[in-house]
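For reference, the structure is listed below as structure tokens.
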Amino acid sequence: MQELALKGFGEVLKTVTFRVRRYDPEKRELPKYMEYKVPVQMGMTVLDGILYIKEHLDHSVSARYSCRMGICGSCGMIINGKEQLACQTQILELNKDLIKVDPMGNYPIVKDLVPDLSKLFRNHESVKPYIIREEEEPKSEFLQTPEQREEYAMFTDCILCGMCLSACPTNATDELYLGPQSLAQGYRYITDNRDMGFNERLNVLDSKHGVWRCHFSGACSEVCPKGVDPALGVQLLRQLLASNSFVKYKQKEATKGPERKSVSGVS
Amino acid sequence: MMTIENKKGWISWFNPFKYGTDRWMYSLHRLTGIILGLYLIAHVWETSHILDGPITWNSLMVFLDYPFGPHFGPFILSGVLLVAVYHALNGIRLTIVENGLMLPKPYRPEFPYRPKSLKGLNNVLKIMLGVLMIIISAVGIYFIFTGVIL
Chain A
886 MQELALKGFG
896 EVLKTVTFRV
906 RRYDPEKREL
916 PKYMEYKVPV
926 QMGMTVLDGI
936 LYIKEHLDHS
946 VSARYSCRMG
956 ICGSCGMIIN
966 GKEQLACQTQ
976 ILELNKDLIK
986 VDPMGNYPIV
996 KDLVPDLSKL
1006 FRNHESVKPY
1016 IIREEEEPKS
1026 EFLQTPEQRE
1036 EYAMFTDCIL
1046 CGMCLSACPT
1056 NATDELYLGP
1066 QSLAQGYRYI
1076 TDNRDMGFNE
1086 RLNVLDSKHG
1096 VWRCHFSGAC
1106 SEVCPKGVDP
1116 ALGVQLLRQL
1126 LASNSFVKYK
1136 QKEATKGPER
1146 KSVSGVS
Chain B
142 MMTIENKKGW
152 ISWFNPFKYG
162 TDRWMYSLHR
172 LTGIILGLYL
182 IAHVWETSHI
192 LDGPITWNSL
202 MVFLDYPFGP
212 HFGPFILSGV
222 LLVAVYHALN
232 GIRLTIVENG
242 LMLPKPYRPE
252 FPYRPKSLKG
262 LNNVLKIMLG
272 VLMIIISAVG
282 IYFIFTGVIL
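Heads up: the sequence lines are chains A and B, in that order. 886 is the number of the first residue of the first sequence in my numbering; add one for each residue after it. 142 is the number of the first residue of the second sequence in my numbering; add one for each residue after it.
Take a look at the structure:
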């Protein structure tokens, strides 16, 4: 059984061509494609292929990566025309002899496959992705039932890889669009029953470049490596804001636990 | 050191390849919207000829019916009908789903992550769109070519 599982492991099964888009900011040249031949073993991901190129063929190829297992969200890139995490994409599963690797779209490129994600982080910050309360220092815990958690739990899985903004067709033309990631995070904090900051977020979400620019093409949900389904979050947020203009939305007040002297717990 | 903007631009509206049905329908919606806009401009131009008197009007009508040979006009009109029907029906579907109706409640994502907002009742709406489109365009095209309402 073990021999069967390991059959072909460590052997070179085939050679694929990587067509990587190169851009060097220090040379005043337009981006160009360069091809590399990479021998593929079983289990090799696209990121492994890029690292093979870096190690053996061309040391100047740049890519951003960190954890190699789809947790950190650093290695998002366009592989054969679709946004994917390079560390989660098996070369043999792609089943192609030519693999075209592009940096993510709609972001400035720093070098080769490295996009500048500061726009994503700026937008994320603008929707205030933290729980807002009126009191300075709470005297007790805020209680939450499992059902109340389920209302927003799926949106907490976001790893900020930024691939939804690359796939979004609205973001391709609207520079100031908040993007599915930020809008879904806005929904996540509004529906959290501990949060009281609905009115503070309203001017960002309910703006010209906010939630109403989404046209529900569903591309963000399709490329999301964590299944967060940001398109669903955007539509639910839109429903919430639309009904808010008729009946004022009232955030659920979280019940408070027993009072303590300090929430840090020790005293 | 300088970075370059890597904007996908408006051309990416019409690049639904590698994505799913919703992305295809978005591209078609954009395309049909542009075609309808151009058609409306041409339509206003065409009907404005009625101000030039019956002779100009009638000769234009004959020209538009037979621009490149017999019965080419009805084919163009059928195309416009298909475009308008798709744009209208998909507009209704988008009005429903973009207000968060007929979409699932927040759920737990499970591997291999398939977004549920693009499935379920949204898919039912898409199938209804297809069926209605076939019926309406069949009746309409029959009317355009024969002048008889079924």
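Ideal Cβ placement from N, Cα and C applies to all residues, glycine included. As the structure is a computational prediction, the values presented were derived from the model and not from experiment.
| query | result |
| --- | --- |
| Buried or exposed by the 16-neighbour rule on C-beta atoms within 10 Å, applied to Ala1116(A) | buried |
| Residues bridged to Lys985(A) (per DSSP) | Arg904(A) |
| When Lys149(B), Lys159(B) and Leu179(B) are compared against Val1108(A), the one with the closest alpha-carbon | Lys159(B) |
| Cβ-Cβ distance between Arg906(A) and Lys917(A) below 9 angstroms | yes |
| Where the beta strand (DSSP E) through Gln1158(A) begins and ends | Since the first residue shown for chain A is 886 and the last is 1152, residue 1158(A) is missing from the structure and cannot be characterised. |
| Same chain only: Cβ atoms within 6 angstroms of Ser258(B), ignoring 5 sequence neighbours per side | Leu244 |
| Contact list for Gly150(B) against chain A, beta-carbon separation under 8 angstroms | Ala1057 and Thr1058 |
| CA-to-CA distance, Gly955(A) to Lys899(A), given in whole angstroms | 25 angstroms |
| Under 8 angstroms from the C-beta of Ser258(B): neighbouring residues of chain A | Gly1103, Ser1106, Asp1114, Ala1116, Leu1117 and Gln1120 |
| Thr1076(A) classed as buried or exposed, judged by whether at least 16 other C-beta atoms fall within 10 angstroms | buried |
| Contact set between the stretch 988–1017 of chain A and chain B, restricted to residues whose Cβ is under 9 angstroms from the partner | Pro988, Met989, Gly990, Asn991, Tyr992, Pro993, Ile994, Val995, Lys996, Pro1000 and Asp1001 |
| Start-end ranges of the alpha helix (DSSP H) lying completely within the stretch 1020–1098 of chain A, minimum 4 residues | 1031–1035, 1048–1052, 1065–1075 and 1083–1090 |
| The stretch 175–183 of chain B in contact with the stretch 1114–1128 of chain A per 3-pair CB rule at 8 angstroms | no |
| Amino acids of chain B, ordered along the chain, whose beta-carbon sits closer than 7 angstroms to that of Gln1124(A) | Asn240 and Gly241 |
| Backbone CA spacing between Asp1080(A) and Gly1142(A) [nearest angstrom] | 16 angstroms |
| Short CB-CB distance (under 9 angstroms) between Tyr908(A) and chain B | yes |
| Under 9 angstroms by beta carbon: chain B residues contacting Met1039(A) | Pro247, Tyr248, Arg249 and Pro250 |
| Contact list for the stretch 190–210 of chain B against chain A, Cβ threshold 8 angstroms | none |
| DSSP beta-bridge partners of Leu970(A) | Gly961(A) |
| Secondary structure of Pro247(B), DSSP reduced to three states | coil |
| Under 9 angstroms between C-beta atoms of Ile277(B) and Val226(B) | yes |
| Contact test: Ile282(B) Cβ vs the ligand SAM heavy atom, cutoff 8 angstroms | The model depicted lacks the ligand SAM and carries no ligand whatsoever. |
| Close-in-space but distant-in-sequence residues of the same chain around Ser153(B) (CB under 8 angstroms, 5 per side omitted) | none |
| N- and C-terminal bounds of the alpha helix (DSSP H) containing Lys267(B) | Leu262 to Thr287 |
| Other residues of its chain near Tyr908(A): CB distance less than 7 angstroms, five sequence neighbours each side excluded | Pro916, Ile994, Lys996 and Asp997 |
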